[in-house]
Amino acid sequence: MPAVQPGFERGFITYSNEAKHELVGVPDLLIIENGAVSGPVARAMAGGGLDHSPADVAVAVTGVAGPDGGSAEKPVGTVFVSWALRSGALRTERFLFEGDRAAVRAQTVVEALGGLIRFIRDESD
Numbered sequence: 001m002p003a004v005q006p007g008f009e010r011g012f013i014t015y016s017n018e019a020k021h022e023l024v025g026v027p028d029l030l031i032i033e034n035g036a037v038s039g040p041v042a043r044a045m046a047g048g049g050l051d052h053s054p055a056d057v058a059v060a061v062t063g064v065a066g067p068d069g070g071s072a073e074k075p076v077g078t079v080f081v082s083w084a085l086r087s088g089a090l091r092t093e094r095f096l097f098e099g100d101r102a103a104v105r106a107q108t109v110v111e112a113l114g115g116l117i118r119f120i121r122d123e124s125d
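Position 73 of the sequence shown, counting from 1, maps to 73 under our numbering, and the rest follow consecutively.
Written out as structure tokens, the structure reads:
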């Protein structure tokens, strides 16, 4: 993707708990204590993305897109997004999206990218 190359250094697909641990260093105990779909894990993923790359900014997403996998505490549509800057700034938000799997994923992308822009602007002030 030549058009994104100057701004996109790399990505980590960490769908499994094992991948979260191996690729971006999320501690197993953090996942056990909080669940893979949680703010603490999203924050650790964002920080790990920075730790395992030369990037200046990281975006991490973990959630339940459906159609299965939800619970009373974390129903389908629950998504945590974390944004981190190499400077140490970090922000995490929880979302509850409606719709099918495709709709949840699409809304997640919109919020992750829009949130990234807001986060960078806020931290630049």
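Beta carbons: idealized from backbone N, C-alpha and C, even for Gly.
Only a predicted model underlies this, so the values are computations on that prediction, with no experimental measurement involved.
Check, Outcome
"Own chain residues within Cβ distance below 7 angstroms of residue 117, not counting five before or after", "none"
"CB of residue 96 within 8 angstroms of CB of residue 78, strictly", "yes"
"Continuous alpha helix (DSSP H) stretch holding residue 24: start and end", "17-24"
"DSSP three-state assignment for residue 63, whether helix, strand or coil", "strand"
"Burial state of residue 87, where buried means 16 or more other Cβ atoms lie within 10 Å", "exposed"
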